[in-house]
Amino acid sequence: MRRMPAAARSAQEAGLLSCMACTLVSRPPAAFADGVIESNARCPRCGAGLHWRKPDSIVRCWAFLVASYVLYFPANLLPIMNTSSLFGAQTDTILSGVIYLWKTGSWATALVVFVASIAVPVLKLAVLTMLVVTVQRRSTWRPKLRARMYAIVSFVGRWSMLDIFVVTVLVALVQIKSIAVIEAGPGAIAFGAVVVLTIFAANSFDPRLIWDPIRPDYGPDQD
Amino acid sequence: MDPTRTEPPEGEEPARGVPGAAGPASDDAADADAAKDGAANADAADPAAATREAAIPEAVVRPRRKLPSLVVWLIPAVAIAFALWALFATLHQRGPTITIVFKSGEGIEARKTKIKYKNVDIGEVRSVRLSEDRQSVIVTAIMTPEADSLLVEDTRFWVVRPRLSGGSVTGLSTLLVGSHIGLDAGKSEESARDFTGLEQPPTFSKDLPGSQFVLRAEDFGSLDIGSPVYTRHIQVGQVVGYDLDNDGKGVTISIFVNSPYDKQVNANTRFWFADGFDVTLDANGLKINTQSIISILIGGLAFETLPDMPGEEPSPENTSFRVFYDRAQAMKALYTGYETYTFEFRESVRGLTIGAPVDFRGVNVGEVVATDIKFDPVKKDITVPVRVRMYPERLRGQPAPYTYKSGKPVDHRQFLDLIVQRGFRAQLRTANLLTGQLYVALDFFPDAKKATIDWSHTPPDFPTMQGSLQELQSTLAAIANKLDKVPFEKIANQLTSTLEAGNRLFAKLDDDTVPALRTTLEEARKTLQGATTMIDELGTKTLPEAQSTLGQLKKTLASIDQAVTPEAPLRRDLQDSLREVGRAAQSLRVLADYLERHPESLLRGRGEDPK
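Protein chains in written order, with the numbering used here: chain L, 1 to 223; chain Z, 224 to 834.
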């Protein structure tokens with residue numbers, strides 16, 4: 001682990017800080033020596049906070065992940081939508097909506113909803129957990145693949161809000177008193193929280209940590 | 224956290240502590256191995272590094288309050304709290320799971336059909352499946368927690384569908400929404416989870432104040448569940464159920480009378496069928512009695528409490544009553560207890576219908592239940608036993624049955640024995656001569672042969688008398704026999720010959736007498752003609768002569784008249800003459816008498832008077 005780099009592999013190893021916002025590389029401030037906490041460092045160009053690595057990245061990521069895991073169950077078990085109309089009241093969970101769509105023949109829609117609302121959050125949670133665990137163990141397993149997975153997760157994150165969008169639009173549109181009223185159920189809150197928390201978890205994860213344990217001779221052809 | 228520390232390696236701290244001299248060379252200064260290794264390298268690289276570093280700007284320091292890293296764990300804590308709350312809320316919302324058994328699953332859909340109480344959702348059907356014996360449908364439903372108290376043993380469930388009954392339409396909303404399961408909360412304290420659903424909705428809910436009563440009728444009439452129950456033309460209840468008795472001999476009808484009208488029902492209350500209308504034609508004229516138009520159409524029951532009866536406590540729930548066919552019958556039938564007897568008649572019971580009255584001096588004391596034919600092998604006799612339902616109390620009169628001095632009621636058997644001993648018998652009588660309808664009359668026949676009630680039989684045999692009709696029939700038979708003896712044929716023959724003779728006579732008259740008669744009439748006509756001419760002549764010739772004659776006659780009469788008037792001299796003279804003649808005649812009579820007594824005087828002359 002302790003290598004003397006011929007050329008520094010990262011800004012950190014070169015004793016420099018890179019700005020996550022504007023990519024400017026800067027020297028750590030002299031005040032660091034006086035026990036000034038790292039997070040006080042600012043990019044001299046754009047003013048964004050400078051860190052060697054995102055502070056408490058793993059801890060925060062775990063916190064958000066745990067919260068997401070906990071909320072994932074009510075999100076799927078509680079009704080996300082209460083429809084009360086002349087023809088009776090009905091409550092729908094995400095899965096019951098998917099089953100309903102499937103049964104009524106809208107297979108494509110059912111598939112889209114299933115992927116966006118059920119599969120994607122699960123995969124996101126799984127991928128993030130895997131990333132955090134591997135980083136914690138300083139694993140050197142396929143860093144490139146993991147980096148790509150992280151990229152996908154952080155990209156895809158907001159799209160799993162599809163269900164929430166649908167519910168929000170319906171709740172706003174269908175408010176015809178005594179004929180039909182649609183209300184968001186507690187499941188919608190939980191589901192929204194899961195999506196937001198996974199986005200936060202992905203954000204608090206510092207992908208640079210993936211590469212920290214990697215040998216310097218790791219080349220692009222290796223995978 | 225140690226392996227993933229985000230801070231730079233600890234060893235870097237002192238190196239960085241020296242401004243300007245800090246560089247990658249001093250990275251591993253704390254590391255003994257590295258220090259040896261890198262000493263040469265560092266020295267070599269130092270100038271280049273220094274120039275590079277000079278080009279790199281230094282980060283700005285702006286102090287900022289940093290949250291303790293533990294704060295981030297507030298988020299999962301909140302998430303767990305929310306999840307626990309959701310779990311608790313869901314579990315709390317989730318009431319008991321119940322099963323209901325229905326005969327048919329029509330209109331029940333899993334996860335769709337609601338269970339409603341007073342039109343409020345209190346549960347939802349989760350699954351509908353067939354029972355193992357495939358006879359029924361088992362519906363599993365999850366109720367809301369507040370429904371828990373409603374789920375007791377006598378809670379009733381039924382499927383609400385649109386239906387038309389009792390003159391009203393219910394469940395119309397289910398046409399749009401689909402069926403739901405209705406519920407009527409029971410009163411029991413025992414909690415229950417498994418229920419059997421009703422096929423028909425109950426017509427009233429259990430929390431409705433009122434009482435249920437049981438009616439026994441021979442026939443269900445045109446009633447139905449929901450048919451109204453009236454008292455004094457006010458609807459106060461409805462029919463809630465009916466059942467054929469196990470022996471098939473009657474119908475048990477359950478009715479519900481709303482409060483406070485149920486207090487009107489007591490032991491003196493009479494029920495009758497109020498369907499259709501009663502038409503009575505009696506001395507008062509035609510009378511039509513109905514309850515209401517609805518009851519004419521859909522039937523119904525009515526009740527009334529007998530007036531002027533000792534005040535009774537309201538009957539308790541489920542008291543049994545008898546249903547009569549109409550009001551007249553109901554109000555007449557003061558007695559509900561009856562006994563069956565057999566009247567063995569030896570005559571035809573043609574005209575005796577089932578239900579014909581048993582009558583004692585005009586009071587109905589029973590009715591005919593059945594007629595039969597019986598062969599008595601001992602007496603070698605065929606009789607017609609008539610089974611009769613009697614109200615023996617009615618014979619004993621009102622209000623209280625006779626009692627012994629001890630207070631024990633008189634056994635009605637003894638009472639009947641007593642009156643039978645005095646000649647109390649049953650007799651068939653004609654109620655209507657035109658239709659030949661019979662009724663059974665009970666009456667005293669002091670001349671009747673001695674008889675007793677045969678209590679050994681079931682039902683007991685009651686002694687009978689030959690009917691008045693029977694007597695009439697035998698009389699008629701005797702008359703017929705006499706008529707038979709009359710020689711109608713002979714009479715007829717003679718009559719025929721007489722008539723023939725007459726015929727002949729008339730023929731003869733036609734032949735002989737009629738021509739003669741004709742000539743006679745002709746002659747008579749001629750004669751009359753002659754007479755007419757003669758009279759004419761008389762008129763023209765004789766009449767003037769007669770007139771003159773009459774004129775002379777008149778003159779003559781006038782002169783005669785003149786002559787005989789009292790003043791006329793002739794008459795006076797005549798009168799004087801006649802007087803003279805009278806005197807002369809008197810003297811002559813005296814002379815004659817003297818001569819008769821003294822004939823000698825003729826010779827001697829008149830002597831001296833001898834006195």
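Cβ coordinates follow ideal geometry from the N, Cα and C atoms, glycine included.
Residues bridged to residue i (per DSSP)
i	result
Trp-159/L	Per DSSP, none; premise fails for Trp-159/L.
Pro-580/Z	Glu-590/Z
His-403/Z	Val-383/Z
Phe-568/Z	Val-607/Z
Lys-339/Z	Asp-344/Z, Gly-405/Z
Ile-877/Z	For residue 877/Z there is no data in the structure shown, the boundaries of chain Z being 224 and 834.
Gly-464/Z	Ser-477/Z
Pro-537/Z	Asn-489/Z
Within-9 Å CB hit, residue i to chain L
i	result
Thr-202/Z	Look at the range of chain Z in this structure, 224 to 834, and you will see that residue 202/Z is not part of it.
Leu-509/Z	no
Ala-370/Z	no
Ala-252/Z	Residue placement at Ala-252/Z cannot be trusted, given a pLDDT of 39 that sits under 50; the coordinates are not used to answer.
Gly-346/Z	no
Ser-335/Z	A small correction: the amino acid at residue 335/Z is Lys; Ser does not occupy that position in the sequence shown. Yes, its Cβ sits closer than 9 Å to a Cβ of chain L.
Asp-266/Z	In this prediction, Asp-266/Z has a pLDDT of 46, which is less than 50 and means its spatial position is unreliable; what the coordinates show is noted afterwards. No, Asp-266/Z does not count as interfacial toward chain L.
Glu-281/Z	yes
Gln-488/Z	This sequence places Val at residue 488/Z; Gln is not what is there. Judged by the 9 Å Cβ criterion, Val-488/Z is not in contact with chain L.
Arg-493/Z	no
Val-351/Z	no
C-beta neighbour in chain Z for residue i, strict 9 Å
i	result
Leu-123/L	no
Val-59/L	yes
Arg-42/L	yes
Ile-189/L	yes
Leu-173/L	no
Leu-95/L	no
Gly-47/L	yes
Leu-197/L	yes
Leu-128/L	no
Ala-193/L	yes
Ala-110/L	no
Pro-207/L	no
Ala-63/L	yes
Leu-131/L	no
Residue i versus the options, residue with shortest Cα-Cα distance
i	options	result
Thr-367/Z	Glu-567/Z, Ala-312/Z, Thr-565/Z, Arg-386/Z	Ala-312/Z
Ile-323/Z	Val-813/Z, Ile-298/Z, Arg-352/Z, Val-301/Z	Arg-352/Z
Glu-694/Z	Ser-402/Z, Trp-296/Z, Ser-571/Z	Ser-571/Z
Pro-530/Z	Thr-721/Z, Val-488/Z, Ala-282/Z	Val-488/Z
Arg-439/Z	Ile-642/Z, Leu-722/Z, Ser-543/Z, Gly-318/Z	Ser-543/Z
Phe-224/L	Thr-140/L, Leu-170/L, Ala-63/L, Leu-162/L	Any question about residue 224/L goes unanswered here, given that chain L covers just 1 to 223.
Phe-64/L	Asp-212/L, Leu-209/L, Phe-200/L, Arg-27/L	Phe-200/L
Met-613/Z	Gly-464/Z, Phe-583/Z, Lys-602/Z	Phe-583/Z
Thr-419/Z	Leu-431/Z, Gly-405/Z, Gly-449/Z, Glu-412/Z	Gly-405/Z
Ile-298/Z	Arg-45/L, Trp-107/L, Val-70/L	Val-70/L
Gln-458/Z	Pro-424/Z, Lys-510/Z, Glu-527/Z	Glu-527/Z
Glu-413/Z	Ser-445/Z, Thr-378/Z, Phe-436/Z	Thr-378/Z
Trp-62/L	Pro-280/Z, Ala-300/Z, Thr-755/Z	Ala-300/Z
Heavy atom of the ligand COA within 8 Å of residue i beta-carbon
i	result
Leu-524/Z	Among the components modelled here there is no ligand, and therefore nothing to report on the ligand COA.
Closer than 8 Å at the beta carbon, the chain B residues around residue i
i	result
Pro-186/L	Note that chain B does not occur in the displayed structure, where the protein chains are L and Z.
* **Members of the segment 67-78 of chain L that neighbour chain Z once the beta carbon cut-off is set at 8 Å** => Ala-67, Ser-68, Val-70, Leu-71, Phe-73, Pro-74, Leu-77, Leu-78
* To do: Using a Cβ-Cβ cut-off of less than 8 Å, list which residues of the segment 12-29 of chain L approach chain Z; keep chain order.
  => Gln-12, Glu-13, Ala-14, Gly-15, Leu-16, Leu-17, Leu-24, Val-25, Ser-26, Arg-27, Pro-28, Pro-29
* How do the segment 292-310 of chain Z and the segment 179-197 of chain L stand: do at least 3 beta-carbon pairs fall below 8 Å, yes or no? -> yes
* Are at least three pairs of beta-carbons, each pair with one atom in the segment 602-612 of chain Z and one in the segment 571-581 of chain Z, less than 8 Å apart? -> yes
* Near-chain Z residues of the segment 144-165 of chain L - C-beta to any C-beta below 8 Å -> none
* Asked: Is the segment 677-690 of chain Z close to the segment 646-662 of chain Z, with three or more CB pairs under 8 Å?
  -> yes
* Stretch-stretch touch, CB-based, cutoff 8 Å, three pairs: the segment 319-334 of chain Z with the segment 363-378 of chain Z -> yes
* Segment contact flag, the segment 125-132 of chain L with the segment 192-211 of chain L, C-beta cutoff 8 Å, min 3 pairs -> yes
* For the segment 707-721 of chain Z and the segment 668-676 of chain Z, state whether three or more C-beta atom pairs, one from each stretch, are separated by less than 8 Å. => no
* Asked: Is the number of C-beta pairs between the segment 168-179 of chain L and the segment 144-155 of chain L that are closer than 8 Å three or more?
  -> no
* Asked: For the 8 Å Cβ check, are there 3 or more pairs between the segment 477-486 of chain Z and the segment 447-460 of chain Z?
  -> yes
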